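Colleague:
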Amino acid sequence: MLNSETKFDSFNHQKSELTELNSKNNIPENNILFNRKNKIDGITLLHSLKAESVKVVFFDPQYRGVLDKMKYGNEGVSRGKDRSSLPQMSFETIENFLIEIQRVLKPSGYLFLWVDKFHLVEGVKSWFNQTPLLETVDMITWNKEKMGMGYRTRRTCEYLVVVQKLPKLAKSTWKIHNICDIWNEKVPKTHPHSKPIELQKVLLQATTDDDDLVCDPAAGGYSVLTACQALKRNFIGGDIQFGE
Ligand SMILES: C[S@@+](CC[C@H](N)C(=O)[O-])C[C@H]1O[C@@H](n2cnc3c(N)ncnc32)[C@H](O)[C@@H]1O
């Protein structure tokens, strides 16, 4: 058992490691910490990172569009109560996130962008009008193995668009070659939009090395942080509503 002095020493040691990591990556001393749940606006967090410092970004926007669709499409508002209580992102907000993501990504770094079926079929290309260095290179369908809502068909899948910052390079940037583009994984519900940790882990193993920096600027239930901790990747991320 740790006595209070040892606990304090270990806390100080951890804190100084974080400060070192922060200063190495030019993070200003504004309480944004690595490998922590930061309660912060994602754009502010991205602004504080230096250009070309991040190997991989996961971005899971809180879409306004889904709720709008559901109003005249599939569901009554009451059934989407958990989702509708979260801060929503407008088209402009998503574009601003992408501009910052383009800036902080290293050349040939990856952005994994979660989209729902409405955005998938109607297209997300216009979101990238201001980010010409970001190009779509692949897509993975996540089968949640759980029946969701819908008056017509019941939602079971979400989609992960794989985007790469130029220059586009496949072989030298992707180490695992048996990842299928349909991924089955059930997740425990820690957040209304929890994403699959095992899928995110295998993608990190494919595209990053130990100690690489991984960013999730709208982290929700922090599934990307959990994946990073399991793999010894450095995480910088936060959420406007969830964090310490
Ligand atoms: C779809 S959820 C993310 C879920 C996450 N991928 C997970 O696995 O748990 C989107 C999150 O974006 C957050 N959000 C909305 N606007 C934001 C902003 N401007 N900055 C940071 N987070 C924001 C919401 O609070 C919500 O938790």
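Note that this note's numbering numbers the sequence shown so that position 193 is 181, with each residue one more than the last.
Note that the Cβ used here is the ideal one computed from N, Cα and C, for glycine as well.
A quick note: this is a predicted structure, and the numbers were derived from the prediction, not measured.
Mind checking which residues open and close the alpha helix (DSSP H) that includes S36?
Modeller: Position 48 of the sequence shown holds residue 36. Counting along the chain, S36 falls outside any alpha helix (DSSP H), and DSSP gives it neither H nor E.
Colleague: Excluding the 5 residues preceding and the 5 following A215 in the sequence, name in chain order all residues of the same chain whose CB lies nearer than 7 Å to its CB.
Modeller: Against the sequence shown, residue 215 aligns to sequence position 227. Around A215: I185, Q188, K189, L192.
Colleague: If we ignore side chains and look at the alpha-carbon of each, how far apart do L93 and K177 end up?
Modeller: Residue 93 sits at position 105 when you count from the first residue of the sequence shown. Residue 177 sits at position 189 when you count from the first residue of the sequence shown. Their backbone Cα atoms lie some 30 Å apart in a straight line.
Colleague: Closer than 8 Å is the cut-off here; do at least three beta carbon pairs connect the stretch 85 to 103 with the stretch 149 to 156?
Modeller: yes
Colleague: Look at D227 and F46 and say whether their C-beta atoms are less than 7 Å apart.
Modeller: Along the sequence shown, one-based indexing puts residue 227 at 239. Along the sequence shown, one-based indexing puts residue 46 at 58. No, these two residues do not count as a Cβ contact at 7 Å.
Colleague: Report the rounded CA-to-CA distance for E233 versus G111, giving the unit in angstroms.
Modeller: The structure shown does not extend to residue 233, since the chain is modelled only from -11 to 232, so the question has no answer here.
Colleague: With C-beta atoms as the reference, is D29 less than 7 Å away from A206?
Modeller: Stepping through the sequence shown from its first residue, residue 29 is reached at position 41. Stepping through the sequence shown from its first residue, residue 206 is reached at position 218. Going by C-beta atoms, D29 is not nearer than 7 Å to A206.
Colleague: Could you tell me which residues DSSP puts in a beta bridge with Q152?
Modeller: If you number the sequence shown from 1, residue 152 lands on position 164. In the DSSP output, where bridge partners are listed per residue, Q152 has Y98, E123.
Colleague: Return helix, strand or coil for K183, following the three-state DSSP convention.
Modeller: In the sequence shown, the residue the question calls residue 183 occupies position 195. Here K183 sits in coil by DSSP.
Colleague: Could you check whether the Cβ of L37 sits closer than 6 Å to any heavy atom belonging to ligand 1?
Modeller: Taking the first residue of the sequence shown as 1, we reach residue 37 at position 49. Taking non-hydrogen atoms of ligand 1 into account, the C-beta of L37 is found less than 6 Å away from none of them.
Colleague: Here's a check: name, in chain order, each residue in its chain whose Cβ is nearer than 8 Å to the Cβ of P75, leaving out the five neighbours to either side.
Modeller: Within the sequence shown, numbered from 1, the residue matching residue 75 stands at position 87. Within the same chain, P75 has close Cβ partners Q50, I228, Q229.
Colleague: Rounded to the nearest angstrom, what separates E83 and S182 at their Cα positions?
Modeller: Within the sequence shown, numbered from 1, the residue matching residue 83 stands at position 95. Within the sequence shown, numbered from 1, the residue matching residue 182 stands at position 194. Cα to Cα, E83 sits roughly 23 Å from S182.
Colleague: Quick one: Cα of L86 to Cα of T161, how far?
Modeller: Your numbering for residue 86 matches position 98 in the sequence shown. Your numbering for residue 161 matches position 173 in the sequence shown. Taking the straight line joining both Cα atoms gives about 21 Å.
Colleague: What residue ranges within the stretch 188 to 219 form continuous alpha helix (DSSP H) runs of no fewer than 4 residues, ordered along the chain?
Modeller: 211 to 219
Colleague: If E40 and P95 are in contact, beta carbons under 8 Å, what's the gap, nearest whole angstrom?
Modeller: Taking the sequence shown and counting its residues from 1, one reaches residue 40 at position 52. Taking the sequence shown and counting its residues from 1, one reaches residue 95 at position 107. With 8 Å as the limit, E40 and P95 qualify as a contact, their Cβ atoms being about 7 Å apart.
Colleague: Among K163, I167, A218, N23, which one has its Cα closest to the Cα of T196?
Modeller: Along the sequence shown, read from residue 1 onward, the residue named residue 196 stands at position 208. Scanning K163, I167, A218, N23 for the CA closest to the CA of T196 turns up K163.
Colleague: Which of helix, strand or coil does DSSP assign to V162?
Modeller: Within the sequence shown, residue 162 is the residue found at index 174, counting from 1. The residue asked about is misnamed: residue 162 is Trp in this sequence, not Val. Coil at W162, not helix or strand.
Colleague: Output the boundary residues of the beta strand (DSSP E) element that contains N172.
Modeller: As a first step, residue 172 is located in the sequence shown; it is residue number 184 there, counting from the start. N172 -> beta strand (DSSP E) spans 170 to 172.
Colleague: Assign Q90 to buried or exposed, taking buried as 16 or more other Cβ atoms, counted over all protein chains shown, within 10 Å of its Cβ.
Modeller: Residue 90 sits at position 102 when you count from the first residue of the sequence shown. Buried is the call here.
Colleague: Just how far apart, CA to CA, sit L108 and C145?
Modeller: Your numbering for residue 108 matches position 120 in the sequence shown. Your numbering for residue 145 matches position 157 in the sequence shown. Distance between the alpha carbons of L108 and C145 is about 11 Å.
Colleague: Ligand 1 heavy atoms versus the CB of H179: any closer than 6 Å?
Modeller: Along the sequence shown, read from residue 1 onward, the residue named residue 179 stands at position 191. It does: the Cβ of H179 is within 6 Å (strictly closer) of some heavy atom of ligand 1.
Colleague: Hey, quick one: how far does the beta strand (DSSP E) through I228 stretch, first residue to last?
Modeller: Counting from 1 along the sequence shown, the entry for residue 228 is found at position 240. From DSSP, I228 is part of no beta strand (DSSP E); its letter is neither H nor E.
Colleague: Taking just the CA atoms, how far does I170 sit from A158?
Modeller: As a working note, residue 158 is residue 170 in the sequence shown. As a working note, residue 170 is residue 182 in the sequence shown. C-alpha separation (whole angstroms): 19 Å.
Colleague: What is the C-beta distance between G97 and K153, in whole angstroms, given that I count them as a contact (C-beta under 8 Å)?
Modeller: Your numbering for residue 97 matches position 109 in the sequence shown. Your numbering for residue 153 matches position 165 in the sequence shown. At roughly 5 Å, the Cβ-Cβ gap stays under 8 Å, so G97 and K153 are in contact.
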